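Here the structure comes first, spelled out in structure tokens, and everything after it is commentary.
Numbering (the working numbering), first residue to last: 22 to 128.
Right, here's the structure in full:
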């Protein structure tokens with residue numbers, strides 16, 4: 022997805038939008054995009070900046086979802102060919118894939 026934007030008064034100033042994923046069982050990955058800082062007095066530049074930032078968030082989320090889905094499929098394929106260690110609630114695992122899950126302690 023290509024993004025376009027107007028340049029700010031000072032093209033050397035940039036804002037960065039980035040996302041990083043790390044897990045114990047997979048290689049980490051990072052995504053990053055930079056945007057020129059809009060002129061505070063220029064409504065058109067600020068509006069364009071916000072539109073491009075929003076598009077970058079959507080684009081980044083799509084890329085993250087594709088990457089995590091691919092990793093989940095790799096994990097499933099690996100688990101299907103390996104020894105069965107314990108019964109696992111597949112629906113729960115899929116729902117929480119890539120998330121830190123804190124189990125409630127029963128008293």
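We put the beta carbon where it would ideally sit given N, CA and C, even for glycine. None of the values given here were measured: they were computed from a predicted structure.
Along the stretch 32–118, the alpha helix (DSSP H) occurs as fully enclosed runs of 4 or more residues at 64–102, 111–116, listed in sequence order. Here the alpha carbon of residue 73 sits roughly 20 Å from the alpha carbon of residue 86. Straight through space, the alpha carbons of residue 53 and residue 80 are spaced by roughly 11 Å. Contact check for residue 35 and residue 57: beta-carbon distance about 6 Å, within the 8 Å limit, so the pair qualifies. Put simply, of 77, 75, 113 the residue whose alpha carbon is nearest the alpha carbon of residue 93 is 113.
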